[in-house]
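To start, the structure itself, in structure tokens.
2 protein chains.
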Amino acid sequence: MNEPPPSLAGASLDSLAAPRSTMESVLAGYEAREAERLAGGHPNREGLAWIEGAFVPLAEARIPLMDQGFLRSDLTYDVPAVWDGRFFRLDDHLDRLDASCAKLRLRIPMARAELRETLVELVARSGIRDAYVELIVTRGLKFVREYESYENHLYLLVTPYVWTMPLRGQMRGGRAIVTRTVRRTPPGAMDPTVKNLQWGDFVRGWLEAMDRGSVYALLPDGDGNITEGGGYNIFAVKDGALTTPSRGVLEGVTRRTVLELAAAMGIPAALGFLPVEALYHADELFICTTAGGVMPITQLDGQPVAAGEVGPITRKLWEAYWAAHYDPKYSFAVDYG
Amino acid sequence: MNEPPPSLAGASLDSLAAPRSTMESVLAGYEAREAERLAGGHPNREGLAWIEGAFVPLAEARIPLMDQGFLRSDLTYDVPAVWDGRFFRLDDHLDRLDASCAKLRLRIPMARAELRETLVELVARSGIRDAYVELIVTRGLKFVREYESYENHLYLLVTPYVWTMPLRGQMRGGRAIVTRTVRRTPPGAMDPTVKNLQWGDFVRGWLEAMDRGSVYALLPDGDGNITEGGGYNIFAVKDGALTTPSRGVLEGVTRRTVLELAAAMGIPAALGFLPVEALYHADELFICTTAGGVMPITQLDGQPVAAGEVGPITRKLWEAYWAAHYDPKYSFAVDYG
């Protein structure tokens, strides 16, 4: 990593590998920035949207009732993030959005350069330095069968960073279940590589997780393999190597970052089938998404995962993941003016 | 039927069975009312919505961007219709909406009596005499995991009658395909008896239908059986008897009406597995939904269904279906004031 986090300025690469201090430094840096955001009087500190050419406070942002994105969930979306004032892998997210749109025969009604500028302006106007940024492209007001004759709709929004697992909670890891009441929608029905908001299976998973005193619902594919959860990919660590499902899942940008970091650190990693059974014998488990990063799972179906603590490989990847947010290869600074 | 359509007033039961005249009478009555609607100057003739206690023209109706009904398609809905000024099976639709809400742990934020009154007022204020009425209940502004702590959202809208198959086109029947690129989302992933707007599989089906020069996409279940299409159930007629899929489909109110009418007319009918193969050997096929009624399918995968014409049982059910809209057992008149 070219630029370590400011809180680690002057730290050696060895210190990057010292687990406690790094996890704690990232947390301390974030909490300090959050305190500043909450104490500051910025009018858009809770979020801002871009709708039909206008910037509007998030709480007032509205979309047409008749948008097919609502009436048929006929849409795709993507979520890049901003960390400590730097946009992370923005073009990778925009590339994936392009690919999702192509598969759904949607067209983003704005050229890439303008879209990029508008996103940066949206974030800058919000003043939010740790931000969750969402782009949604919907079919628009007309039915899919008329798709060639009209413009699709684009909605943009920024909110403070969204944590699938609270950052502080990541220090001890989360409780997950493998769902019994619901399987993941198979790729033959809906293509999970097209990022979509048709989360009926995940909603059932969350309800089951609540019923079973847990938080994270990991969905099987109906054929004995695990797939993913609501918005995140799953990794298992066994004998020092990573495995993550190759089929029936989103091609996550965070998953890709993890795989790139693992390669750089010499940790073997494979995409393939990940049997549910293997989760019960894993040395470490983690889930990952832009909305939360690398999130350790330390309890599965009521039992500890191995020793029930955040494992060493998860911790190394966790630290490398947040350090990567300062790497100019992956990120650039937003000018907040 | 207690009250035949006005255009058939004085007609004998025998004449109800005379196919041409009845199909033509329903069409003529509808087209006359449509001409009146379009010529009339009613300000809401293209539709009206009820949002947060206010009636607003449909084209101006907007919902919060942050509604989980949009951001996760975390919602259910139902669609009763009004035909020739009469609400059809309204309480059956509201009962099903209650059941869908219970399964998703949603609460309609309005008591049944007030909801009924509001719907009637919405239709009356629109002046639309042949109307598609939609009720949508969303999770609201907060994530499903917080479902016990807040109110869900309710949106109501009325538009002119929506035709899955144009009424005039029903005289000759529609062209359908069995999809090859997509299967129906299985009930183990999303419960199809909870009426939902997660139509990604149907959207894929429509795109395939367009690629193959067809209109209606019938989705298989991945195990050799047919399920349903976007918003409609499927019936096959063979040797004088009806079969419709029992599993992996919506429990349609129109399907139920068809089954009730078939029972009254002595036509045998069964719910069960309906193999895709059986469709190619059927004597008649039809699809059915509130947005279109009983819609004959006369071409499947480029080949005629039997003789390629609307069959006699489909025709009998079609006529009985529209006649039932005047039966006080099923419908009541809206007072348009």
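Here the protein sequences come in this chain order: A and B.
So in my numbering, the last spot in the first sequence is 340, and the numbers never skip.
So in my numbering, the last spot in the second sequence is 340, and the numbers never skip.
Glycine included, every Cβ here is placed at the ideal spot set by N, Cα and C.
Environment of Gln173/B [buried if 16+ CB atoms lie within 10 Å]: buried
Inside the stretch 23 to 103 of chain B only - beta strand (DSSP E) runs reaching at least 3 residues: 51 to 54, 57 to 60, 65 to 67, 78 to 81, 84 to 86 and 89 to 91
Beta-ladder partner(s) of Val181/A, from DSSP: Leu221/A
Coil, strand or helix - Ile290/B by DSSP: strand
is_contact[Phe73/B, chain A] using C-beta, thresh 8 Å: yes
Member of Val252/A, Ala244/A, Asp226/A and Gly227/A whose CA lies at the smallest distance from the CA of Ile237/A: Val252/A
Phe276/A - DSSP class collapsed to helix/strand/coil: coil
Buried or exposed (CB count within 10 angstroms, at least 16 for buried), Gly296/B: buried
Contacts around Ala52/A, its chain only, beta-carbon distance under 6 Å, and the 5 residues preceding and following it disregarded: Val59, Leu61, Ala64 and Leu160
Sequence ranges, beta strand (DSSP E) only - wholly within the stretch 194 to 261 of chain A, length at least 3: 219 to 221, 236 to 241 and 244 to 248
Cβ-based neighbour list, Ala239/A, same chain, cut-off 7 Å, excluding 5 preceding and 5 following: Thr246, Leu277, Ala281, Leu282, Ala285 and Leu288
DSSP-derived helix/strand/coil call for Gly295/B: coil
Counterpart residues of Ile139/B in DSSP-defined beta bridges: Tyr80/B and Tyr158/B
Counted within 10 angstroms of its Cβ, other Cβ atoms place Phe335/B as buried (16 or more) or exposed: exposed
Buried or exposed by the 16-neighbour rule on C-beta atoms within 10 Å, applied to Ala192/B: buried
Short CB-CB distance (under 8 Å) between Ile342/A and chain B: Absent from the model: residue 342/A. The displayed extent of chain A is 4 to 340, so no value can be given.
Short Cβ contact (8 Å threshold) for Trp202/A with Ala220/A: no
Whether Pro299/A touches Val279/A by CB criterion (8 Å): no
Separation of Gly255/A from Tyr339/B, as counted between CA atoms: 54 Å
Beta-bridge pairing of Ala134/A - partner residues as DSSP gives them: Val85/A and Pro163/A
Rounded C-alpha distance that separates Val140/A from Asp87/A: 27 Å
Own chain partners of Ala244/B with C-beta closer than 6 Å, once the 5 adjacent residues on each side are dropped: Pro271
Three-way DSSP call (helix, strand, coil) for Trp321/B in this model: helix
Cβ pair Phe91/A, Pro83/A closer than 8 Å: yes
For Pro307/A, the three-state DSSP class (helix, strand or coil): strand
Simplified DSSP assignment, three categories, for Thr301/B: strand
Spatial distance of Thr257/A from Arg128/B (CA atoms): 51 Å
Alpha-carbon to alpha-carbon, Ala265/A and Ser28/A: 22 Å
Extent of the continuous beta strand (DSSP E) run through Ala116/B: No beta strand (DSSP E) holds Ala116/B; the alpha helix (DSSP H) holding it covers Arg115 to Ser129.
Option nearest Val136/A by Cα separation, candidates His96/A, Ser152/A, Tyr150/A and Met168/A: His96/A
Spatial distance of Trp166/A from Ala42/B (CA atoms): 55 Å
Beta carbon of Val147/B nearer than 8 Å to that of Val147/A: no
Nearest residue (CA-CA) to His328/A, options Thr293/A, Leu100/A and Gly216/A: Thr293/A
Residues of its chain near Pro67/B, where Cβ-Cβ distance is below 7 Å and the 5 sequence neighbours each way are ignored: Leu144
Inter-stretch contact at 8 Å, needing at least 3 Cβ pairs: the stretch 180 to 195 of chain A / the stretch 44 to 51 of chain B: no
Any C-beta of chain A under 8 Å from that of Val147/B: yes
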